[in-house]
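Notes to accompany the following structure.
Residue numbers (my numbering), protein chains in the order written: chain A, 1 to 300; chain B, 301 to 541.
Written as structure tokens, this is what we have:
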């Protein structure tokens with residue numbers, strides 16, 4: 001049965017050309033979208049492309065991390081030392097509180113805003129897949145952290161060369177320092193990103209990241225001191241496996257020729273030393289797996 | 301009037317509801333686990349007790365719980381703008397601040413002093429009063445931390461970050477590099493009290509004399525609360541992110 005308006009509509013029906021156009025350019029596809037996501041996240045980690053208010057903390061912390069490198073070069077040159085006061089490999093450990101703060105700022109800013117403002121479905125309406133999103137965020141945070149640590153190292157290296165501290169020695173130290181920085185960046189990015197992705201609230205994410213990074217470190221360091229005083233140095237090297245900070249310390253002491261901050265500058269050896277890189281790699285794999293699992297449902 | 305039971309109830313719910321309570325509970329549980337492990341492996345040892353309670357409990361657990369409770373009592377409400385519903389009620393803003401402060405203090409004290417006393421008992425049966433000393437220190441530190449971090453919550457949107465900067469960078473990093481920074485540290489003020497409570501043989505030392513420490517603790521708490529109340533009176537609620 002048809003109504004009056006219906007028949008009227010049929011009689012007047014026509015298609016107007018109101019000027020919509022097809023997109024005829026190149027489709028840039030999935031890898032382009034992934035690259036854009038990495039660039040965008042990396043810039044966001046330093047507050048670039050955001051208001052000046054958001055640049056203060058990242059660049060302030062970056063300045064604080066770089067100052068000791070400049071001071072140490074100046075001291076080494078003016079007092080005529082034949083090596084830098086802080087080794088390249090232990091620079092990240094020396095600046096750990098500042099780096100921890102930067103990670104705690106950068107990781108939630110990278111993931112929790114998307115969760116909070118429910119922009120995740122918008123990403124997935126593009127040719128980006130869930131694993132792409134996770135991989136891009138992980139790569140961007142690792143890269144941001146690596147830059148954060150390696151630029152001060154580069155300053156120290158340049159200063160060391162200008163101060164004629166010995167080319168071969170400085171280059172090998174710098175190369176080992178870069179490896180330590182890369183391990184640091186990947187390990188911390190994986191842990192921090194996982195913790196940050198669990199909450200849409202930025203403030204809470206900041207506290208949670210700091211807590212997961214520092215609480216085990218303080219706990220392990222305190223127990224290590226006790227174990228060392230009670231005369232069981234064997235326990236010290238195994239205890240170091242239980243926090244990200246001491247894990248990195250053990251790796252750089254055992255494999256990269258650095259000096260550890262463990263009690264009595266103990267260096268992990270034998271089976272314990274072999275466990276350090278294994279645990280670090282395992283932790284990264286586990287965190288990435290949990291992260292992809294988290295994003296199977298997130299934001300929908 | 302300094303206490304309003306409705307405001308207190310809402311603040312307790314904001315602090316302990318959902319996952320926050322779990323996070324607050326994780327730290328004390330970790331402390332107790334460490335205490336049990338050390339006692340089981342090495343037996344009762346006064347130096348171990350000082351190291352664990354001073355190096356872990358007072359240095360990292362108390363400030364972290366203080367940051368979570370102190371900023372958590374007010375910052376999220378300012379952040380999402382729901383504080384206007386509270387401010388539009390006929391309650392003095394000073395009452396709101398003092399109530400929230402009392403709630404933050406009670407939560408911090410509950411989650412720090414009990415586990416520290418228990419850990420002290422487990423580690424060395426409270427010999428030389430080491431456990432009680434750190435319990436007292438944690439108690440007074442909780443009051444000062446809550447006031448300072450509540451103030452931060454009213455001053456800045458990045459309250460958690462600044463609170464952590466103070467707790468980790470100022471107290472831990474600068475404290476170990478620049479001796480002068482140690483005199484301006486809540487941890488050292490509370491250690492002065494612990495030094496007094498513990499027996500002479502216990503290895504607890506502070507860089508600050510006891511009278512100075514008490515004056516500074518009181519001043520930090522009172523001034524922090526006063527200025528937080530003042531900040532809330534002139535608070536502008538603007539939503540920008």
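Ideal Cβ positions, reconstructed from N, Cα and C, are used throughout, including at glycine.
I need the DSSP call for residue 40 of chain A, collapsed to helix, strand or coil.
Judged by DSSP in its simplified three-state form, residue 40 of chain A adopts helix.
Would you report the Cα separation of residue 20 of chain A and residue 119 of chain A, rounded to the nearest angstrom?
Those two C-alpha atoms are separated by around 27 Å.
Between residue 201 of chain A and chain B, is there a C-beta pair that is closer than 9 Å?
Yes, residue 201 of chain A counts as interfacial toward chain B.
For the segment 343-358 of chain B, list every residue whose C-beta sits within 7 Å of some C-beta in chain A, in sequence order.
So the close ones are 345, 347, 348, 351, 352, 355 and 356.
Below 7 Å on C-beta distance, what does residue 472 of chain B contact in chain A?
Neighbours of residue 472 of chain B on chain A, chain order: 97.
Is the number of C-beta pairs between the segment 166-182 of chain A and the segment 209-225 of chain A that are closer than 8 Å three or more?
Contact between the segment 166-182 of chain A and the segment 209-225 of chain A is not established, with fewer than three Cβ pairs separated by less than 8 Å.
Limits of the unbroken alpha helix (DSSP H) element including residue 23 of chain A
Looking at the DSSP string, residue 23 of chain A is not in any alpha helix (DSSP H), and its letter there is neither H nor E.
Does the separation of the CB atoms of residue 481 of chain B and residue 362 of chain B fall below 9 Å?
Taking 9 Å as the Cβ cut-off, residue 481 of chain B and residue 362 of chain B do not qualify as a contacting pair.
Using a Cβ-Cβ cut-off of 7 Å (strictly less than) and excluding sequence neighbours within five positions of residue 346 of chain B, which residues of its own chain qualify?
Cβ neighbours of residue 346 of chain B beyond the five flanking positions: 424, 427, 428, 430 and 502.
What are the boundary residues of the alpha helix (DSSP H) that includes residue 397 of chain B?
Element bounds for residue 397 of chain B: 393-424.
For residue 525 of chain B, count neighbouring Cβ atoms within 10 angstroms of its own Cβ and tell me buried if that reaches 16, exposed if not.
Residue 525 of chain B is buried by the Cβ-count criterion.
Ignore the nearest five residues each way along the sequence and tell me which others in residue 104 of chain A's own chain have a CB closer than 6 Å to its CB.
Cβ-Cβ distances below 6 Å link residue 104 of chain A to 206, 209 and 210 in the same chain, with the five nearest sequence neighbours on each side left out; the list follows chain order.
Using CA coordinates, which residue listed in B:365, B:458 and B:303 is at the minimum distance from residue 378 of chain B?
The option with the nearest alpha carbon to residue 378 of chain B is B:458.
On the criterion of 16 or more Cβ atoms from any shown chain inside 10 Å, does residue 479 of chain B qualify as buried, or is it exposed?
With fewer than 16 Cβ atoms within 10 Å of its Cβ, residue 479 of chain B is classed as exposed.
Per-residue contacts from residue 360 of chain B into chain A (C-beta, under 7 Å):
Within chain A, the residues near residue 360 of chain B are 214, 215 and 218.
With 8 Å as the limit, tell me which residues of the segment 436-469 of chain B have their beta carbon closer than that to any beta carbon of chain A; keep them in chain order.
Answer in chain order: 458, 459, 460, 461, 464, 465, 468 and 469.
Who are the neighbours of residue 210 of chain A on chain B, taking C-beta pairs under 7 Å?
Residues of chain B passing the Cβ test: 464.
Need the endpoints of the alpha helix (DSSP H) that residue 304 of chain B sits in, please.
First-last for residue 304 of chain B: undefined, no H or E at that position.
Are the beta-carbon atoms belonging to residue 143 of chain A and residue 185 of chain A less than 9 Å from one another?
For the pair residue 143 of chain A and residue 185 of chain A, the CB atoms are nearer than the 9 Å cut-off.
Who are the neighbours of residue 226 of chain A on chain B, taking C-beta pairs under 8 Å?
Correct list: 338, 342, 345, 347, 348, 351 and 352.
What are the boundary residues of the alpha helix (DSSP H) that includes residue 53 of chain A?
Taken as a continuous stretch (DSSP letters only), the alpha helix (DSSP H) holding residue 53 of chain A covers 52-78.
Out of A:36, A:237, A:83 and A:238, state which residue places its alpha-carbon closest to the alpha-carbon of residue 127 of chain A.
Checked all of A:36, A:237, A:83 and A:238; the closest Cα to residue 127 of chain A is A:36.
Thinking just about the alpha-carbon of each residue, which of A:231, A:76 and A:197 is nearest to the one in residue 114 of chain A?
The shortest C-alpha to C-alpha distance from residue 114 of chain A to any of A:231, A:76 and A:197 is the one to A:197.
Where residue 247 of chain A falls: helix, strand or coil (DSSP):
Note: residue 247 of chain A maps to helix in three-state DSSP.
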